[in-house]
Amino acid sequence: MITKLESYYLSKPEPYQSCLLALRDIILQANAEIYHERKFQIPFFAYRGKKLGYLWLNGKKLMLGFCLDKSLQEVIPGFKLKDKYESMQIDPNADIPIEVILLKLNYYLSLIDRALPD
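Following this line, the structure appears as structure tokens:
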């Protein structure tokens with residue numbers, strides 16, 4: 006039986022489907038502790054129990070986003086913390102910018118590692 010997560014990828018037309026699957030593999034292979042699930046109706050990645058990033062296809066716009074979980078941010082009295090997101094658009098007809106993705110991914114992994122005890 007196909008899971009909802011798998012059906013997300015398989016329901017997308019080419020070249021988006023192949024690009025999404027390649028991005029998924031790049032992210033999951035970057036660290037054995039990264040896992041993903043379907044959250045907010047899209048593939049969402051987590052690491053050590055903290056939000057890490059997502060893949061999103063909106064029309065013809067393919068986005069890879071990274072997240073800084075609000076639980077890892079400094080508490081400032083009077084301010085309501087929210088997850089902080091940044092994203093990059095991926096062209097499914099071009100080479101995937103693997104080095105840039107891994108650089109950003111490792112940056113967010115290191116933020117989580119510094120904030121959480123081993």
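First residue of the sequence shown? That's 6 in the numbering used here, and the numbers climb one at a time after it.
Note that beta-carbon positions come from the ideal geometry of N, C-alpha and C, so glycine has one too.
For A37, the secondary structure class from DSSP, reduced to helix, strand or coil, is coil. Here the segment 33-41 makes contact with the segment 49-61; the two share three or more CB pairs at distances below 8 Å. As the crow flies, the alpha-carbon of L114 is around 10 Å from that of A120. The Cβ-Cβ distance between F71 and L57 falls below 8 Å. Bounds of the beta strand (DSSP E) holding S92 are 89-95. In the DSSP secondary-structure assignment, C72 is bridged to Y90. Under the criterion of beta carbons closer than 8 Å, L28 and I95 qualify as touching, at roughly 7 Å.
Shortest Cα-Cα distance from M68 to any of D74, E91, G83, F84 involves E91. Contact check for P97 and P48: beta-carbon distance about 15 Å, past the 8 Å limit, so the pair fails to qualify.
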